[in-house]
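Below is one structure, written out as structure tokens, with a few remarks after it.
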Amino acid sequence: MLPLTLIMRLSNLLKGNSPINERADNTSPMHGATEPRPSPISPVQGASFQQPIALAMGLLLVFLCGTIHKALADVALSPLFSDNMVLQRNANVPIWGTGDVGEQVTVSIAGQQANTTADENGHWMVKLTPLPPGQTLEMTVKGKNTVTVHNIAVGELWVCSGQSNMEFTVSRGMNAQVEIAAANYPLIRMFTVKRTVAEQPRTDVSGRWDVCSPQTVGRFTAVGYFFGRDLHKALGVPIGLIHSSWGGTPAEAWTNYAVLAQDPQLKPILTRWDQLIANYPQATQQYEQKLADWKIAADRAKADGKRESRKPAAPEGPDSPHRPASLYNGMIAPLIPYGIKGVIWYQGESNAGNAKLYQKLFPTMIQNWRHNWGEGDFPFLFVQLANYMKREEQPSESNWAELREAQTMTLSQPNTAMAVTIDVGEAGDIHPKNKQEVGHRLALAALGTTYGQKVEYSGPLYDSMTVDGNKIRIRFKHTASGLGTRLVASSHPPIPLKTDGEETEFADIPRTFYELSSRFWKLGEFTNFTPFFRQSGKRTTRYEAAVALARILDDLPNIEATIIKKHQNDPVDQRAQAYKEANDFIQSLTTEFADDMQQFVGVVGADPPAPSQFIVNPYRLQGFAIAGADKKFVWADAKIDGDTVVVQSDQVPQPTTVRYAWANNPAANLYNGAGLPASPFRTDNGENTSTTRTKP
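According to the working numbering, the sequence shown is numbered sequentially starting from 36.
See below:
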């Protein structure tokens, strides 16, 4: 290599600077000195430097050619192929990288070799023959140099993508301290793609593979981790998770530009953005002026002790992550064609302003990914939007309900499944902390569809309706062992309890709440909530006990915060013991309920205690609305009848249509026997009200 001083002198000669014009005081511009600018060279001046320039150019070319040749000659792999990675089992997995043009490359792993030659652009790719599940493998890639990748596992590989609820990390979630401390899963491997916006599809990606441990899991996607953890436990094979998401982004940002441009329904998205980009310079000038005015006003308000006005928002521009195709180009294209089993997807909040468009956009995006990956209709599992915002007192239209409907309609695409989370959300937070249940339901979807296990993986889905006089009967798919309300959705087998001589409900403790208590919360202390149980436990019916448990569990966010605060400075072992004691207590409650349930079969007590505002009434179905031809919806009386629900209202003598959980944050409590919530639906073909957007 040429000495640095010689390179600098050659550079100066090429610029037309003589050695005497070099800096003599070693003062760099960043320390306040003014860097000398070279003077323009006249033809006469230039002639006097012809020989030095020729010599310098010759030496520089030799140096550059040697450097470039060395860089290209080194066989290199994408960061996707690095230590701790996971390769998809039982598949022809592609391995790719770069090298010198025409360079012979040999990839060796697990007793097999694959040979290829780098093309005219220095790119190469091989496909391995299918590998069985395994761990601690090594792969060597040999060209003019040799690269070795260590600690490779072979198992199941899933991409985790979407917006902020997928980006939401384990460290921010429910019961984070305990979850992180327990995350010793060396056969779960995690790769997070660096946030990247790109105007054209990229081939390079930034990131690394981490082995799942308490030191690494906290910064990883919570939904992805809990999904992968459940899969790992169920399948007993290594799990690889590639996380590629960006909060607040719409689906069009994750879709290929050409696909959007070719579709008449989707092309207007590009038209709006083209106009936005064209106006960006002017919008930037206006923003800078508004920002300057705001700073003056903010300083004045601060001096006067008043509240500052809202800071102006910067205009969307070419580098915006909301721009169509920008994240597909920067964060998905570089992953293709890495061998994967499937995708889990949590997104939709940023498209809730135009559900009608999403009906076309979302399946188009799925088809686009599948086509470009070239692996057929791989599994695409997605999360339906959770409940959010203030609860409405009367039936009303809802942008979020319409978006959920668009997501449900996407189940018409082959090899898809949906995790319903209408019971997981929080009214005041668009990012609910209970990501354990979201990951669990996605894992059920994978086990039931992708891996062929005999598990119920979906809550009830609307199937059909029939009108019978002043009643409408609703039929469902995915009823499992039957239908029940939130507090009486049964574990297996269900214990039937007749109510009012008509409706069959399950009097066991709800499986969903059992799981929340035993698997997720692990509170660490129960003295704060035992009075709830004792107060409601004065009556002998199991309903009161169930109500008590529900109240306890619904108040867990507040209790958890208190407990974490109390124990946050305790040694780790003491903190874990406190959590274990609380977990054991909750489990003992639920076990006690199940053990002595038989003596209460057929017993119906007095009216239950009035549920708090946070509790859905366990004694009747909620969330059903009914209307006639005038489409004026009112709350309905709904009763479970086998695998159907019968809906009616005295206010609607001639009903034509029913809606369920049709709200941003509905009071909805229909479950199947597997403890999974029913998906919101409407039987009418109502017009979507969400046809405008706040962002282009």
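Beta carbons are placed, not taken as given, at the ideal position from N, Cα and C, and that holds for glycine.
Item: Just list the residues that DSSP pairs Lys177 with in beta bridges.; Value: Thr141, Thr181
Item: Restricting to Cα atoms, I'd like to know which of Thr399, Ala454, Ala673, Pro467 is closest to Gly710.; Value: Ala454
Item: Quick one: is Gln609 buried, meaning 16 or more other Cβ sit within 10 Å of its Cβ, or exposed?; Value: exposed
Item: Pairing CB atoms from the region 154 to 162 with CB atoms from the region 132 to 140, are three or more of them under 8 Å?; Value: yes
Item: If I measure Cβ to Cβ from Val189 and keep anything under 6 Å in the same chain, skipping five residues before and after, which residues do I get?; Value: Leu122, Arg124, Leu166, Pro168, Gly169
Item: What does the alpha-carbon distance come out to for the pair Val278 and Val258?; Value: Position check: residue 278 holds His in this sequence, whereas Val was assumed. His278 and Val258: Cα-Cα distance of roughly 10 Å.
Item: Determine, for Ile457, whether the minimum Cβ-Cβ distance to residues of chain B falls below 7 Å.; Value: Absent here is chain B; the protein component of the structure consists of one chain.
Item: Given a cut-off of 7 Å on the beta-carbon distance, is the pair Leu479 and Ile379 in contact?; Value: no
Item: What are the partner residues of Lys341, as DSSP defines its beta bridges?; Value: Answer is none; Lys341 lacks a bridge partner.
Item: Within the region 331 to 399, note down every full beta strand (DSSP E) run reaching 3 residues or more, in order along the chain.; Value: 377 to 381
Item: Can you tell me where the alpha helix (DSSP H) holding Val693 begins and where it ends?; Value: Looking at the DSSP string, Val693 is not in any alpha helix (DSSP H); the run it does join, the beta strand (DSSP E), is 692 to 695.
Item: Along the chain, where does the alpha helix (DSSP H) containing Ser199 start, and where does it finish?; Value: 199 to 202
Item: So is the beta-carbon of Trp697 under 6 Å away from any non-hydrogen atom of the ligand ATP?; Value: With respect to the ligand ATP, the structure offers nothing, as it holds no ligand at all.
Item: Determine the contact status of Ala698 and Ser433, defining contact as a CB-CB distance below 7 Å.; Value: yes
Item: Curious, which full-length beta strand (DSSP E) runs of at least 3 residues does the region 205 to 262 contain?; Value: 220 to 227, 244 to 247
Item: Is the region 682 to 695 touching the region 489 to 505, taking contact as three or more C-beta pairs under 8 Å?; Value: yes
Item: Spell out the partners DSSP gives Leu496 in its beta bridges.; Value: Lys512
Item: Kindly indicate which three-state DSSP category Pro303 falls into: helix, strand or coil?; Value: helix
Item: Leaving out five residues before and five after Asp118 in sequence, what residues of the same chain have Cβ atoms less than 7 Å from its Cβ?; Value: Val184, His185, Asn186, Trp244
Item: So if DSSP puts Met453 in a beta bridge, which residue, or which two residues, is it bridged to?; Value: Phe417
Item: What did DSSP end up calling Asp265 once you bin it into helix, strand or coil?; Value: helix
Item: Tyr322 and Ala349 - do their beta-carbons sit closer together than 7 Å?; Value: yes
Item: Can you name, in chain order, every residue of its own chain whose Cβ lies under 6 Å from the Cβ of Thr290, other than the five neighbours on each side?; Value: Tyr363, Met400, Asn403
Item: Does Pro273 pass the burial test, meaning 16 or more other C-beta atoms within 10 Å, or should it be called exposed?; Value: buried
Item: Along the chain, where does the beta strand (DSSP E) containing Gly275 start, and where does it finish?; Value: 274 to 280
Item: Distance check for Ile144 and Asp676, CA to CA, integer angstroms please.; Value: 58 Å
Item: For Lys674, does the count of other Cβ atoms within 10 angstroms reach 16, so buried, or fall short, so exposed?; Value: buried
Item: Kindly indicate the opening and closing residues of the alpha helix (DSSP H) around Tyr292.; Value: 292 to 297
Item: Rounded to whole angstroms, what is the Cα-Cα separation between Ala327 and Gly340?; Value: 20 Å
Item: Taking the straight line between their C-alpha atoms, what separation do you get for Val232 and Pro369?; Value: 12 Å
Item: Helix, strand or coil: how does DSSP classify Thr718 here?; Value: coil
Item: For Val252, which residues of its own chain have a beta-carbon under 7 Å away from its beta-carbon, when the five flanking residues on both sides are left out?; Value: Val205, Ile215, Ala218, Tyr260
Item: Could you please give the first and the last residue of the uninterrupted alpha helix (DSSP H) stretch that includes Gln123?; Value: First-last for Gln123: 121 to 123, but that is the beta strand (DSSP E), not the alpha helix (DSSP H).
Item: Specify the secondary structure class of Asn407 as computed by DSSP and reduced to three states.; Value: helix
Item: Can you tell me whether DSSP reads Met444 as helix, strand or coil?; Value: helix
Item: Since Gln488 is in the alpha helix (DSSP H), which residue starts that stretch and which ends it?; Value: Careful: Gln488 lies outside any alpha helix (DSSP H) and carries neither H nor E.
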